[in-house]
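K.L.:
Note that our numbering has the sequence shown beginning at 12, numbered continuously upward. This is the structure, below, for whatever I ask next.
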Amino acid sequence: MYLKDFKTGQISMERGVKMGLIDQKGRLFGLINLIDLVVLLMVVVLAFGTYTKMAARAQQNQQIVLQEIEMDMFIKDVMPFALESFSVGDIVKDANSKTVLGTISEIKSEPYQEPVVDLQGNYVMKEVPNKLNIILTVTGKAQVNNNSIQIQKDDVLVGNILIINTHKSKAQAVIIGVRTE
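Here it is in C-alpha coordinates:
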(Lines of atoms letter the chains of each structure in order from A and count residues from 1; the text may use other names and numbers.)
(Lines give C-alpha, C1' and ligand atoms only; values in the text may rest on other atoms or scores of the structure.)
Protein backbone atom coordinates (compact mmCIF):
# COMPACT_ATOMS: atom_id res chain seq x y z
CA MET A 1 0.00 0.00 0.00
CA TYR A 2 1.32 3.40 -0.94
CA LEU A 3 0.80 6.55 1.08
CA LYS A 4 0.89 10.07 -0.27
CA ASP A 5 2.28 12.92 1.82
CA PHE A 6 -0.02 15.86 1.15
CA LYS A 7 2.52 18.51 2.18
CA THR A 8 5.29 17.42 -0.10
CA GLY A 9 3.26 15.48 -2.62
CA GLN A 10 5.60 12.50 -2.44
CA ILE A 11 4.42 8.94 -2.46
CA SER A 12 6.03 6.59 0.01
CA MET A 13 6.04 2.83 0.16
CA GLU A 14 5.55 2.67 3.94
CA ARG A 15 2.74 0.77 5.34
CA GLY A 16 0.19 2.83 7.30
CA VAL A 17 1.45 4.79 10.27
CA LYS A 18 0.42 3.17 13.53
CA MET A 19 -1.57 5.50 15.71
CA GLY A 20 -0.28 5.81 19.27
CA LEU A 21 -2.37 5.72 22.42
CA ILE A 22 -2.24 9.51 22.73
CA ASP A 23 -1.84 11.70 19.64
CA GLN A 24 -0.08 15.09 19.28
CA LYS A 25 -3.20 16.97 20.42
CA GLY A 26 -3.41 14.97 23.67
CA ARG A 27 -6.45 12.96 22.61
CA LEU A 28 -6.85 9.35 23.57
CA PHE A 29 -7.03 7.23 20.40
CA GLY A 30 -7.63 10.50 18.58
CA LEU A 31 -11.17 10.68 19.99
CA ILE A 32 -11.32 12.36 23.40
CA ASN A 33 -9.02 14.65 25.32
CA LEU A 34 -7.30 12.89 28.24
CA ILE A 35 -8.29 15.59 30.78
CA ASP A 36 -11.92 15.39 29.65
CA LEU A 37 -11.81 11.62 30.12
CA VAL A 38 -10.45 11.95 33.68
CA VAL A 39 -13.16 14.49 34.57
CA LEU A 40 -15.84 12.26 33.05
CA LEU A 41 -14.61 9.24 35.03
CA MET A 42 -14.60 11.28 38.27
CA VAL A 43 -18.19 12.38 37.67
CA VAL A 44 -19.27 8.77 37.04
CA VAL A 45 -17.50 7.53 40.20
CA LEU A 46 -19.01 10.32 42.35
CA ALA A 47 -22.49 9.67 40.96
CA PHE A 48 -22.17 5.95 41.69
CA GLY A 49 -20.90 6.61 45.23
CA THR A 50 -23.75 9.02 45.95
CA TYR A 51 -26.30 6.55 44.63
CA THR A 52 -25.01 3.67 46.75
CA LYS A 53 -24.85 5.82 49.89
CA MET A 54 -28.42 7.09 49.39
CA ALA A 55 -29.70 3.58 48.68
CA ALA A 56 -28.06 2.25 51.86
CA ARG A 57 -29.51 5.11 53.92
CA ALA A 58 -33.00 4.54 52.49
CA GLN A 59 -32.77 0.84 53.31
CA GLN A 60 -31.61 1.64 56.85
CA ASN A 61 -34.52 4.05 57.38
CA GLN A 62 -37.00 1.37 56.38
CA GLN A 63 -35.67 -1.03 59.02
CA ILE A 64 -36.40 1.28 61.98
CA VAL A 65 -38.83 -0.37 64.35
CA LEU A 66 -40.04 1.29 67.53
CA GLN A 67 -39.96 -0.87 70.64
CA GLU A 68 -41.37 -0.35 74.10
CA ILE A 69 -38.68 0.56 76.66
CA GLU A 70 -38.63 1.38 80.35
CA MET A 71 -36.23 3.91 81.85
CA ASP A 72 -35.56 4.43 85.54
CA MET A 73 -34.76 8.07 86.27
CA PHE A 74 -33.21 9.12 89.57
CA ILE A 75 -33.95 12.58 90.96
CA LYS A 76 -31.98 13.34 94.11
CA ASP A 77 -32.27 15.80 96.98
CA VAL A 78 -35.75 17.23 96.45
CA MET A 79 -38.42 18.57 98.80
CA PRO A 80 -41.56 16.48 99.43
CA PHE A 81 -43.73 18.81 97.31
CA ALA A 82 -41.66 17.79 94.26
CA LEU A 83 -42.81 14.20 94.76
CA GLU A 84 -46.43 15.36 94.74
CA SER A 85 -45.91 17.16 91.41
CA PHE A 86 -45.27 13.86 89.59
CA SER A 87 -48.22 11.58 88.79
CA VAL A 88 -48.54 8.22 87.07
CA GLY A 89 -49.53 8.89 83.45
CA ASP A 90 -47.74 12.26 83.17
CA ILE A 91 -45.88 12.82 79.89
CA VAL A 92 -42.13 13.30 80.43
CA LYS A 93 -40.13 15.47 78.02
CA ASP A 94 -36.47 16.37 77.68
CA ALA A 95 -36.50 20.09 78.51
CA ASN A 96 -33.59 20.89 76.17
CA SER A 97 -34.63 19.07 73.00
CA LYS A 98 -38.41 18.99 73.70
CA THR A 99 -38.34 15.26 72.88
CA VAL A 100 -41.14 13.21 74.44
CA LEU A 101 -39.41 10.46 76.43
CA GLY A 102 -42.57 8.64 77.52
CA THR A 103 -45.11 8.49 80.33
CA ILE A 104 -44.58 7.87 84.03
CA SER A 105 -45.64 4.32 84.90
CA GLU A 106 -44.30 4.10 88.46
CA ILE A 107 -43.07 6.49 91.16
CA LYS A 108 -40.91 5.48 94.13
CA SER A 109 -39.32 7.62 96.80
CA GLU A 110 -36.72 7.08 99.48
CA PRO A 111 -35.26 9.33 102.16
CA TYR A 112 -32.31 11.44 101.06
CA GLN A 113 -29.09 10.61 102.91
CA GLU A 114 -25.81 12.47 103.28
CA PRO A 115 -22.49 11.33 104.72
CA VAL A 116 -21.86 12.69 108.22
CA VAL A 117 -18.85 12.24 110.52
CA ASP A 118 -19.84 10.54 113.80
CA LEU A 119 -18.15 10.95 117.20
CA GLN A 120 -15.57 8.27 116.38
CA GLY A 121 -14.53 10.09 113.17
CA ASN A 122 -16.23 7.63 110.80
CA TYR A 123 -18.43 8.61 107.91
CA VAL A 124 -21.99 7.34 108.25
CA MET A 125 -25.06 7.96 106.08
CA LYS A 126 -27.76 9.95 107.88
CA GLU A 127 -31.22 10.86 106.63
CA VAL A 128 -31.82 14.53 105.95
CA PRO A 129 -35.26 15.67 107.15
CA ASN A 130 -37.67 16.99 104.48
CA LYS A 131 -35.50 15.72 101.61
CA LEU A 132 -36.25 12.83 99.25
CA ASN A 133 -34.81 10.91 96.34
CA ILE A 134 -37.34 10.04 93.63
CA ILE A 135 -37.13 7.17 91.16
CA LEU A 136 -39.45 7.53 88.17
CA THR A 137 -40.11 4.62 85.84
CA VAL A 138 -40.87 6.08 82.40
CA THR A 139 -42.32 3.92 79.63
CA GLY A 140 -41.82 5.05 76.04
CA LYS A 141 -41.11 4.02 72.46
CA ALA A 142 -37.56 3.97 71.13
CA GLN A 143 -35.55 2.83 68.13
CA VAL A 144 -33.66 -0.22 69.38
CA ASN A 145 -30.85 -1.86 67.42
CA ASN A 146 -27.55 -3.59 68.19
CA ASN A 147 -25.66 -0.30 68.47
CA SER A 148 -27.98 2.02 70.37
CA ILE A 149 -31.33 2.89 71.87
CA GLN A 150 -32.63 6.21 70.57
CA ILE A 151 -35.69 8.36 71.02
CA GLN A 152 -35.92 10.77 68.07
CA LYS A 153 -32.12 10.73 67.45
CA ASP A 154 -31.32 11.24 71.18
CA ASP A 155 -29.36 8.34 72.70
CA VAL A 156 -30.84 6.72 75.81
CA LEU A 157 -27.87 5.68 77.94
CA VAL A 158 -27.48 4.76 81.59
CA GLY A 159 -25.70 7.71 83.21
CA ASN A 160 -27.23 10.38 80.96
CA ILE A 161 -28.13 13.49 82.92
CA LEU A 162 -31.31 15.11 81.63
CA ILE A 163 -33.43 18.08 82.56
CA ILE A 164 -36.93 16.60 82.39
CA ASN A 165 -40.27 18.27 82.69
CA THR A 166 -43.92 17.36 82.91
CA HIS A 167 -46.87 19.71 82.76
CA LYS A 168 -46.39 20.43 86.51
CA SER A 169 -42.68 20.13 87.26
CA LYS A 170 -39.10 20.31 86.08
CA ALA A 171 -36.12 18.43 87.53
CA GLN A 172 -32.62 17.14 86.84
CA ALA A 173 -32.63 13.36 86.47
CA VAL A 174 -30.04 10.66 85.85
CA ILE A 175 -30.99 7.55 83.86
CA ILE A 176 -30.09 4.63 86.14
CA GLY A 177 -31.66 1.81 84.16
CA VAL A 178 -32.96 1.00 80.68
CA ARG A 179 -34.96 -2.11 79.82
CA THR A 180 -36.36 -3.25 76.50
CA GLU A 181 -39.39 -5.46 76.37
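We put the beta carbon where it would ideally sit given N, CA and C, even for glycine.
Looking only at its own chain, which residues have a Cβ that is under 7 Å from the Cβ of alanine 153, when we skip the five neighbours before and after it?
P.N.:
Working through the sequence shown from its first residue, we reach residue 153 at position 142. Correct list, in chain order: Leu77, Gln78, Ile80, Ile160, Gln161, Ile162, Val167.
K.L.:
Determine the closest residue to lysine 137 out of Arg38, Pro122, Phe85, Asn176, with distance taken between C-alpha atoms.
P.N.:
Indexing the sequence shown from 1 puts residue 137 at position 126. Per the Cα distances, Pro122.
K.L.:
Hey, how far is the Cα of leucine 2 from the Cα of glycine 60?
P.N.:
Past the boundaries of the shown model lies residue 2; the chain is included only from 12 to 192, so the question cannot be answered.
K.L.:
Quick one: grab the DSSP three-state call for aspartate 166.
P.N.:
The sequence position of residue 166 within the sequence shown is 155, counting from 1. Collapsing the DSSP output to three states places aspartate 166 in a strand.
K.L.:
Quick one: what does DSSP say valine 185 is sitting in, helix, strand or coil?
P.N.:
Locating residue 185 in the sequence shown gives position 174, where the first residue counts as 1. The answer is strand: DSSP assigns valine 185 an E or B state.
K.L.:
With 16 as the cutoff for other CB atoms within 10 Å, does valine 139 come out buried or exposed?
P.N.:
To locate residue 139, count along the sequence shown from 1; it is residue 128. With fewer than 16 other Cβ atoms within 10 Å, it is exposed.
K.L.:
Can you look up leucine 130 in the DSSP assignment and give me helix, strand or coil?
P.N.:
Numbered from 1 along the sequence shown, position 119 holds the residue referred to as residue 130. DSSP places leucine 130 in coil when its eight states are reduced to three.
K.L.:
For valine 155, is the classification buried or exposed, using 16 other Cβ atoms within 10 angstroms of its Cβ as the cut-off for buried?
P.N.:
Locating residue 155 in the sequence shown gives position 144, where the first residue counts as 1. Burial call: buried.
K.L.:
Whole angstroms are fine: how far does the CA of valine 56 sit from the CA of valine 50?
P.N.:
Your numbering for residue 50 matches position 39 in the sequence shown. Your numbering for residue 56 matches position 45 in the sequence shown. If you take the alpha carbons of valine 50 and valine 56, they lie about 10 Å apart.
K.L.:
Starting from glutamate 81, follow the alpha helix (DSSP H) in both directions and report where the run begins and ends.
P.N.:
Sequence index remark: in the sequence shown, residue 81 carries index 70 (1-based). Premise fails: glutamate 81 lies in the beta strand (DSSP E), 77-89, not in any alpha helix (DSSP H).
K.L.:
Report the residue from Asp165, Lys87, Tyr62, Asn157 whose alpha carbon sits nearest the alpha carbon of lysine 109.
P.N.:
Residue 109 sits at position 98 when you count from the first residue of the sequence shown. Of the residues Asp165, Lys87, Tyr62, Asn157, the one whose Cα lies closest to the Cα of lysine 109 is Asp165.
K.L.:
Going by C-alpha distance, which of Leu52, Ser180, Gly188 is nearest isoleucine 102?
P.N.:
For this step, residue 102 is matched to residue 91 along the sequence shown. If we check each option's Cα against that of isoleucine 102, Ser180 comes out closest.
K.L.:
Determine the extent of the beta strand (DSSP E) in which lysine 104 is found, giving its start and end residues.
P.N.:
Here residue 104 refers to the residue found at position 93 when the sequence shown is read from its first residue. Per DSSP, lysine 104 belongs to the beta strand (DSSP E) from 102-105.
K.L.:
With DSSP as the reference, identify every bridge partner of asparagine 44, one or two as the case may be.
P.N.:
By 1-based counting over the sequence shown, the position of residue 44 is 33. Arg38, per the DSSP bridge assignment.
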